[in-house]
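**Q** Below is a structure I'd like to ask you about.
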Amino acid sequence: MIEISHVSKRFVSDVQTVEALRDVSLTIEKGQIWGIIGFSGAGKSTLLRMVNALEVPDQGYVKLDGRKLSDYTEGELRGGRKRIGMIFQQFNLLESRTVYENIAIPLRLNHTPAEQIAARVEELLAFVELEGKKDAYPWQLSGGQKQRVGIARALATNPEILLCDEATSALDPDTTESILQLLAQINQQLGITIILVTHQIQVVQRICNRVAVMENGQIVEQGAVLDVFGNPQRPITQRFVRTVIPDVLPESLVADLQQEERAYKLLKLRFQGNVAKENILYNINRRIPVESSVLFAAVTELQHVVLGIFIVKFIGSEKSLAAATEYLDSHEVAWQEVAV
Ligand SMILES: Nc1ncnc2c1ncn2[C@@H]1O[C@H](COP(=O)(O)OP(=O)(O)OP(=O)(O)O)[C@@H](O)[C@H]1O
1 MIEISHVSKR FVSDVQTVEA LRDVSLTIEK GQIWGIIGFS GAGKSTLLRM VNALEVPDQG
61 YVKLDGRKLS DYTEGELRGG RKRIGMIFQQ FNLLESRTVY ENIAIPLRLN HTPAEQIAAR
121 VEELLAFVEL EGKKDAYPWQ LSGGQKQRVG IARALATNPE ILLCDEATSA LDPDTTESIL
181 QLLAQINQQL GITIILVTHQ IQVVQRICNR VAVMENGQIV EQGAVLDVFG NPQRPITQRF
241 VRTVIPDVLP ESLVADLQQE ERAYKLLKLR FQGNVAKENI LYNINRRIPV ESSVLFAAVT
301 ELQHVVLGIF IVKFIGSEKS LAAATEYLDS HEVAWQEVAV
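In terms of full-length UniProt numbering, the sequence shown opens at residue 1 and continues consecutively.
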């Protein structure tokens with residue numbers, strides 16, 4: 001378990017002082033995949049680097065399995081870092097070394113015997129599907145292949161945690177997808193905890209089960225991906241989530257609504273899991289004298305759970321509208337009134 005507690009970090013130079021992290025707390029359980037999302041400069045990389053003690057908090061602490069990193073001796077820190085692998089946006093490979101040599105670096109630093117290194121590198125090359133590339137140099141590889149080498153190198157010492165700093169930001173969408181699949185496989189097959197820093201919400205949507213949203217050095221929202229995506233609270237989270245799960249009415253429909261002469265109520269409904277399979281609107285129309293029309297719908301799947309966002313116009317008496325919202329409550333459909 002990784003426990004980040006009330007961590008603050010300030011960078012002071014002659015020109016300026018930057019509050020990179022402000023009272024950040026986050027608990028990461030073994031086997032989870034966390035996405036840390038935010039715009040440039042939000043403090044994501046600084047937070048990630050706290051986990052392997054590449055940055056040291058000014059205030060607060062980071063604990064690994066119950067022990068504060070600040071209590072580790074230099075030797076223990078070196079040992080601790082072997083439990084944590086890291087991959088980067090620009091891959092950070094040694095250009096003058098072959099794929100084999102790049103992957104072998106952490107093993108050589110560890111004084112692993114040569115024959116064990118050879119066996120381990122072969123195993124890793126097979127795992128990241130780069131058999132046959134061991135004598136290639138980084139400049140002969142595509143971006144996706146370079147990241148696979150970076151991943152193999154990070155896995156060389158059998159880490160328990162993998163830190164990913166914008167690992168897919170330099171890759172095209174198809175290559176991003178294949179690297180994300182590989183990361184999901186690493187999590188599932190090897191049980192490795194993954195913390196992934198990104199500014200791409202699609203990356204979080206695709207493989208993370210937890211998300212923390214950062215803004216100006218603070219975590220402004222965090223939780224299970226399904227909860228945060230299903231009901232984003234903060235404007236920045238809504239902005240990110242909206243790009244993958246739209247939940248606003250198109251302009252033309254807003255214009256039509258402004259012409260509506262009858263009294264109406266506009267509700268945004270959120271269906272989750274099994275509820276999405278029930279025919280809630282049909283049942284409301286059958287039981288309650290209201291007229292309903294779906295103006296907007298978006299259905300997506302997160303963590304194998306269906307999430308549906310509907311914007312529905314209800315027309316009826318106050319009493320009927322109240323009965324309709326009561327029906328939604330009793331069937332655990334989250335709703336909120338939308339103003340246009
Ligand atoms: N070593 C450093 N010295 C001075 N300022 C720093 C240092 N590292 C980070 N910062 C500053 O701290 C703030 C947070 O940086 P950080 O790299 O953590 O943000 P980020 O969310 O990862 O953004 P990006 O995606 O652009 O890297 C930024 O304003 C950055 O300029």
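Cβ coordinates follow ideal geometry from the N, Cα and C atoms, glycine included.
Because the structure is a prediction, the values reported are computed rather than measured.
Have a look at Arg97 and Tyr137 and give me their C-alpha separation to the nearest angstrom.
**A** Here residue 97 refers to the residue found at position 97 when the sequence shown is read from its first residue. Here residue 137 refers to the residue found at position 137 when the sequence shown is read from its first residue. C-alpha separation (whole angstroms): 6 Å.
**Q** Please indicate yes or no: does the CB of Ala42 lie closer than 7 Å to some heavy atom of ligand 1?
**A** Numbered from its first residue, the sequence shown carries residue 42 at position 42. Because some heavy atom of ligand 1 lies under 7 Å away, the Cβ of Ala42 counts as near it: yes.
**Q** By Cβ distance, which residues of its chain are closer than 6 Å to Val254, with the 5 residues on each side in sequence left out?
**A** The residue you call residue 254 lines up with position 254 of the sequence shown. Cβ neighbours of Val254 beyond the five flanking positions: Val340.
**Q** Checking 8 Å against the spacing of the C-beta atoms, do Leu162 and Gly80 come in under that value?
**A** Counted from its first residue, the sequence shown places residue 162 at position 162. Counted from its first residue, the sequence shown places residue 80 at position 80. No; because the gap between Cβ atoms is not below 8 Å, this pair is not in contact.
**Q** In three-state terms, what does DSSP make of Leu196?
**A** Taking the first residue of the sequence shown as 1, we reach residue 196 at position 196. In the three-state DSSP reduction, Leu196 falls in the strand class (E or B).
**Q** With distances taken between CB atoms, is the gap from Phe91 to Gln147 smaller than 8 Å?
**A** As a working note, residue 91 is residue 91 in the sequence shown. As a working note, residue 147 is residue 147 in the sequence shown. Yes; because the gap between Cβ atoms is below 8 Å, this pair is in contact.
**Q** Report all residues from its chain with a CB closer than 8 Å to the CB of Arg262; omit the five preceding and five following residues, and keep chain order.
**A** Along the sequence shown, one-based indexing puts residue 262 at 262. Ile315.
**Q** Are there 16 or more other CB atoms within 10 angstroms of the CB of Val225, so buried, or fewer, so exposed?
**A** Within the sequence shown, residue 225 is the residue found at index 225, counting from 1. So Val225 counts as buried.
**Q** Going by DSSP, what residue range makes up the beta strand (DSSP E) through Asp165?
**A** The sequence position of residue 165 within the sequence shown is 165, counting from 1. That run of the beta strand (DSSP E) goes Ile161 to Asp165.
**Q** Checking the sheet assignment: what are the DSSP bridge partners for Trp335?
**A** As a position in the sequence shown, residue 335 is number 335, starting the count at 1. Paired residues: Leu269.
**Q** Less than 8 Å between the beta carbons of Arg83 and Glu160, yes or no?
**A** Position 83 of the sequence shown, counted from the start, is the residue given in the question as residue 83. Position 160 of the sequence shown, counted from the start, is the residue given in the question as residue 160. The answer is yes: Cβ separation under 8 Å.
**Q** Enumerate, from N- to C-terminal direction, the unbroken beta strand (DSSP E) stretches of 3 or more residues contained entirely within the stretch 283 to 315.
**A** Complete beta strand (DSSP E) runs here, min 3: 291 to 302 and 305 to 315.
**Q** Given this structure, state the Cα-to-Cα distance separating Val197 from Val211, to the nearest angstrom.
**A** Within the sequence shown, residue 197 is the residue found at index 197, counting from 1. Within the sequence shown, residue 211 is the residue found at index 211, counting from 1. For Val197 and Val211, the gap between their C-alpha atoms comes out near 10 Å.
**Q** For ligand 1, is there a heavy atom less than 7 Å away from the beta-carbon of Ser45?
**A** Mapped onto the sequence shown, residue 45 falls at position 45. For ligand 1, at least one heavy atom lies less than 7 Å from the Cβ of Ser45.
**Q** Suppose the cutoff is 6 Å on Cβ atoms and the five residues either side in sequence are ignored; what does the same chain contact list for Leu69 look like?
**A** Here residue 69 refers to the residue found at position 69 of the sequence shown. Close CB contacts of Leu69 within its chain, under the 6 Å cut and outside five residues either way in sequence, are with Ala53 and Val62 (chain order).
**Q** Can Met1 be considered in contact with ligand 2, in the sense that its beta carbon sits closer than 7 Å to one or more heavy atoms?
**A** The model on display carries ligand 1 but not ligand 2.
**Q** Tell me the DSSP bridge mates of Phe11?
**A** Here the question's residue 11 lines up with position 11 in the sequence shown. Answer by DSSP bridge pairing, in chain order: Val18.
**Q** With distances taken from CA atoms, which of Trp34, Ile103 and His6 is nearest Arg22?
**A** Locating residue 22 in the sequence shown gives position 22, counting from the first residue. It is His6.
**Q** If you measure between the beta carbons of Val203 and Thr168, is that distance less than 8 Å?
**A** Translated into the one-based positions of the sequence shown, residue 203 becomes position 203. Translated into the one-based positions of the sequence shown, residue 168 becomes position 168. Taking 8 Å as the Cβ cut-off, Val203 and Thr168 qualify as a contacting pair.
**Q** Using CA coordinates, which residue listed in Gln188, Val18 and Ile219 is at the minimum distance from Thr237?
**A** Taking the sequence shown and counting its residues from 1, the one referred to as residue 237 is at position 237. The shortest Cα separation from Thr237 among Gln188, Val18 and Ile219 belongs to Ile219.
**Q** Let me know the secondary structure DSSP gives Ser45 once reduced to three states.
**A** Locating residue 45 in the sequence shown gives position 45, counting from the first residue. Helix.
**Q** Going by DSSP in three states, Val27 sits in which element: helix, strand or coil?
**A** The residue labelled residue 27 in the question sits at position 27 within the sequence shown. Per the sequence shown, residue 27 should be read as Thr rather than Val. Of the three classes helix, strand and coil, the one that applies to Thr27 here is strand, per DSSP.
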